[in-house]
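In this note's numbering, the protein residues as written are 288 to 445.
Here is the structure we will look at, set down as structure tokens.
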DNA sequence: GCCAACGTTGGC
DNA sequence: GCCAACGTTGGC
């Protein structure tokens, strides 16, 4: 099993939205970046877990944990002219964009903020999220990073 | 293939 | 709202 981090703007779709969804399940659609697409298409596997990260908010933070319940398949929103994710260059024959399905595993006892992650910058020096200018919406998390971050959950903040 | 212009992301 | 970082686009 491998670990990942998925970004979402809570104003569009929050971890609370996911836990309120039927079966606490959603399709992770709308990713329009090739590097992130490649992860979704080929790398995220059934049973892999991911941090659900809230970006674009006053307090960016990891809010919860999700699990991959369906591996990469074509992102149909790219074929839908009514969708904000519509891409005229994609078609069912040439899907171009891919999505996975994820289900909520649990919310964290408390959000682990970006500020707190940065405070552990020595231990998390290679953490993709902390790389300067990182805009990837799907990124890998190593076993060590996963453990360290979950260790923060029950520790004192900061 | 180069690169300037432009749009988007996302923290602050 | 600002701005740095970065990806994409399109002229050449």
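In this text, a Cβ means the ideal position worked out from N, Cα and C, and glycines have one as well.
Nearest to residue i by alpha carbon, out of the options?
i	options	result
residue 404	358, 439 and 378	439
residue 365	315, 441 and 292	315
residue 360	369, 346, 389 and 301	389
residue 382	325, 312 and 288	325
residue 299	371, 329, 367 and 289	371
residue 337	319, 410 and 295	295
residue 288	332, 408 and 407	332
residue 311	420, 393, 416 and 422	393
residue 376	319, 441 and 297	319
residue 406	330, 386 and 435	435
residue 343	354, 430, 424 and 428	424
residue 428	395, 409, 335 and 297	335
residue 442	415, 417 and 395	395
Going straight from the alpha carbon of residue i to that of residue j, what length do you get?
i	j	result
residue 437	residue 380	41 Å
residue 397	residue 358	29 Å
residue 321	residue 349	23 Å
residue 445	residue 400	Residue placement at residue 445 cannot be trusted, given a pLDDT of 46 that sits under 50; the coordinates are not used to answer.
residue 391	residue 352	6 Å
residue 317	residue 293	12 Å
residue 306	residue 412	31 Å
residue 426	residue 308	24 Å
residue 459	residue 367	Because the chain is modelled from 288 through 445, residue 459 falls outside the range shown and cannot be assessed.
residue 356	residue 433	19 Å
residue 303	residue 347	15 Å
residue 419	residue 323	17 Å
residue 291	residue 422	15 Å
residue 363	residue 340	24 Å
residue 410	residue 369	45 Å
I need the boundaries of the beta strand (DSSP E) containing residue i, first residue and last residue.
i	result
residue 396	385 to 400
residue 313	312 to 314
residue 292	290 to 295
residue 407	It is not in any beta strand (DSSP E) - residue 407 carries neither H nor E in the DSSP assignment.
For the alpha helix (DSSP H) containing residue i, list its first residue and its last residue.
i	result
residue 324	321 to 325
residue 438	430 to 441
residue 302	302 to 307
Output the residue ranges of the beta strand (DSSP E) runs that lie fully inside the stretch 348 to 378 and measure 3 residues or longer, sorted by chain position.
348 to 361
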